[in-house]
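Presented below is the structure to which this report refers.
Protein chains: 2
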Amino acid sequence: MESSKLLGYMLGQTLRVFKNQMVSEFKEMEIELTIEQFVILSLLNSNCDLIQRDLASQLQKDKSIIVRQINCLLENQYVVRLTNKDDKRVKNLILTKKGFEKLNQMKEIASEVSGKLLTGISENELEIFQNVLLKIQENGGIEEDTFNCGFNQLK
Amino acid sequence: MESSKLLGYMLGQTLRVFKNQMVSEFKEMEIELTIEQFVILSLLNSNCDLIQRDLASQLQKDKSIIVRQINCLLENQYVVRLTNKDDKRVKNLILTKKGFEKLNQMKEIASEVSGKLLTGISENELEIFQNVLLKIQENGGIEEDTFNCGFNQLK
DNA sequence: CACTATTAGTTGATTCTTGCAACCAATTTA
DNA sequence: TAAATTGGTTGCAAGAATCAACTAATAGTG
Numbered sequence: 024m025e026s027s028k029l030l031g032y033m034l035g036q037t038l039r040v041f042k043n044q045m046v047s048e049f050k051e052m053e054i055e056l057t058i059e060q061f062v063i064l065s066l067l068n069s070n071c072d073l074i075q076r077d078l079a080s081q082l083q084k085d086k087s088i089i090v091r092q093i094n095c096l097l098e099n100q101y102v103v104r105l106t107n108k109d110d111k112r113v114k115n116l117i118l119t120k121k122g123f124e125k126l127n128q129m130k131e132i133a134s135e136v137s138g139k140l141l142t143g144i145s146e147n148e149l150e151i152f153q154n155v156l157l158k159i160q161e162n163g164g165i166e167e168d169t170f171n172c173g174f175n176q177l178k
Numbered sequence: 024m025e026s027s028k029l030l031g032y033m034l035g036q037t038l039r040v041f042k043n044q045m046v047s048e049f050k051e052m053e054i055e056l057t058i059e060q061f062v063i064l065s066l067l068n069s070n071c072d073l074i075q076r077d078l079a080s081q082l083q084k085d086k087s088i089i090v091r092q093i094n095c096l097l098e099n100q101y102v103v104r105l106t107n108k109d110d111k112r113v114k115n116l117i118l119t120k121k122g123f124e125k126l127n128q129m130k131e132i133a134s135e136v137s138g139k140l141l142t143g144i145s146e147n148e149l150e151i152f153q154n155v156l157l158k159i160q161e162n163g164g165i166e167e168d169t170f171n172c173g174f175n176q177l178k
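Residue numbers (my numbering), protein chains in the order written: chain A, 24 to 178; chain B, 24 to 178.
See the structure below:
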């Protein structure tokens, strides 16, 4: 029970560790994308039906932020934005070859960092860890569907 | 193994859930402090020897950010900043009565939110979950001492 | 069909946060 | 005593986030 008071702090510290490692790896490999942009590319790659609205709701950010992030990815030719034929309001987002390659490079780094940070943790512990994270998100009211969507995409 | 790729994303999403809940609770209770400021007050309360340098290293932020956070807490009289007698470079940070009361109020909220988010998770699972978080931080190079310090303080 | 509401996306203004470098004053080290 | 280090502070610029207003397209309603 006492540990419950620490939840946010523990999560925050741990995420910070992960992010810091990723940022320094990105810097070393001269990758000029941010972690958030990496996440966006990951999501787009695993589900090309995702539109900006979906990204906003999954990442729980304002839609204007997503627009600007995509603009940035666009300028650097990692992604293409096309108006949907059936509904001219929506824009489809497609990774370019360059974007795909960069994504794979970043995934590689993420995998290494995760591997490093998870050394000494058993499969079983990892499984429980992951389930607790999922459970917290469920309890927090993130709809199963939306979340599982993101979850599967990143595998 | 496949799950390792998700680590950062999972942590990020989960932390977001927690933060959102806290922010909306804070808003509801008309608490005008941020989560970060709450954490700083917690740390200061449990170890009054902590100075700005320590806060910066524990929270892994630039010292300038800490100065400004403290300035803000100062303006609202949650904290007092005093020059240390033995070493005039050092500033000691002491919670005011107002700060202490506000801290308790926020701790109450944090406890409720954590409790809500952790429902349906067994003691055993929680223990493993916590250990994995600690392990990740260790693997990430956060020194045991520094970290345990923060950990214990928040109990 | 026409009117209204809703939706996806975009833009602008504004604020908040962050990171970096320069800097001061006090203290250590050599 | 001179040089280096340390804790703290400030200024500035870049990035991220918020909010409101707005367009264009579509959906819903009578």
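Idealized CB from N, CA, C, for every residue including glycine.
| query | result |
| --- | --- |
| Please give the ranges of any alpha helix (DSSP H) in the region 26-74 of chain B, keeping only runs that are unbroken, at least 4 residues long and fully inside the region. | 30-51 and 58-69 |
| Tell me where the alpha helix (DSSP H) around A:ILE144 begins and ends. | That residue, A:ILE144, is in no alpha helix (DSSP H); it is neither H nor E in DSSP. |
| Please tell me whether B:LEU141 has its Cβ less than 8 angstroms away from any Cβ of chain A. | yes |
| Short check: CB of B:GLN160 to CB of A:GLN36, under 8 angstroms? | yes |
| I need the boundaries of the beta strand (DSSP E) containing A:LEU84, first residue and last residue. | Checking the sequence, you will find Lys at residue 84 of chain A rather than Leu. Per DSSP, A:LYS84 belongs to no beta strand (DSSP E) and is neither H nor E. |
| For B:ALA133 versus B:MET52, is the C-beta spacing smaller than 8 angstroms? | no |
| Since B:THR34 meets chain A, which of its residues come closer than 8 angstroms, beta carbon to beta carbon? | Thr is not the amino acid found at residue 34 of chain B; the sequence shown has Leu there. Those within 8 angstroms of B:LEU34 in chain A are LEU34, THR37, LEU38, PHE41 and LEU156. |
| Nearest to B:ASP72 by alpha carbon, out of B:LYS158, B:LEU96 and B:ASN115? | B:ASN115 |
| Of the choices A:SER137, A:LEU38 and A:LEU64, whose alpha-carbon is the least far from that of A:THR119? | A:LEU64 |
| Kindly indicate which three-state DSSP category A:ASN154 falls into: helix, strand or coil? | helix |
| For the pair the region 95-103 of chain B and the region 121-128 of chain B, tell me if three or more CB-CB distances fall below 8 angstroms. | yes |
| Got a sec: is the Cβ-Cβ distance from B:GLN160 to anything in chain A below 8 angstroms? | yes |
| Residues in its own chain within less than 8 angstroms of B:ARG42 by CB, not counting five upstream and five downstream? | Before going on, a small fix: residue 42 of chain B reads as Lys here, not Arg. Here the set comprises ILE58. |
| Does the distance from the CB of B:LEU140 to the CB of A:LEU30 come in under 8 angstroms? | yes |
| Let me confirm a value: B:GLY163 is counted as buried when at least 16 other C-beta atoms fall within 10 Å, else exposed. Which label applies? | buried |
| Along the region 118-150 of chain B, what residues have a CB closer than 7 angstroms to any CB found in chain A? | LYS130, ALA133, SER134, SER137, GLY138, LYS139, LEU140, LEU141, THR142, GLY143, ILE144, GLU148 and LEU149 |
| With DSSP run on the structure shown, which of helix, strand or coil describes B:GLY164? | coil |
| Can you tell me whether A:VAL113 is helix, strand or coil according to DSSP? | coil |
| Taking the C-alpha atoms as reference points, what is the distance between B:ILE151 and B:ARG112? | 42 angstroms |
| Return the CA-CA distance between A:SER137 and B:LEU34, expressed in angstroms with no decimal places. | 12 angstroms |
| Alpha carbon to alpha carbon, how far is B:GLY143 from A:ILE144? | 23 angstroms |
| With the cut-off set at 8 angstroms, would you say B:LEU157 and B:ASN68 are in Cβ contact? | no |
| Chain A partners of B:GLN83, CB-CB under 9 angstroms? | GLN36, ARG39, VAL40 and ASN43 |
| Can you name the start and end residues of the beta strand (DSSP E) that B:THR106 belongs to? | 102-106 |
| Can you find a C-beta in chain B that's less than 8 angstroms from the C-beta of A:VAL62? | yes |
| Suppose you measure from the CA of A:GLU135 to the CA of A:GLU48; what does that come to, to the nearest Å? | 10 angstroms |
| Rounded to the nearest angstrom, what separates A:TYR32 and B:LYS84 at their Cα positions? | 14 angstroms |
| Going by C-alpha to C-alpha distance, which of A:GLU148, A:ASN107 and A:PHE61 sits closest to A:ILE89? | A:PHE61 |
| In whole angstroms, give me the CA-to-CA distance for A:GLN92 and B:SER87. | 27 angstroms |
| Below 7 angstroms on C-beta distance, what does A:GLN92 contact in chain B? | Chain B residues near A:GLN92: none, gap ~15 angstroms exceeds 7 angstroms. |
| In chain B, which residues lie less than 9 angstroms from A:GLN100 when you measure between Cβ atoms? | Near A:GLN100 there are no residues of chain B at all, since even the closest Cβ is about 24 angstroms away, more than 9 angstroms. |
| Taking Cβ positions, are B:GLU148 and A:VAL155 nearer each other than 8 angstroms? | yes |
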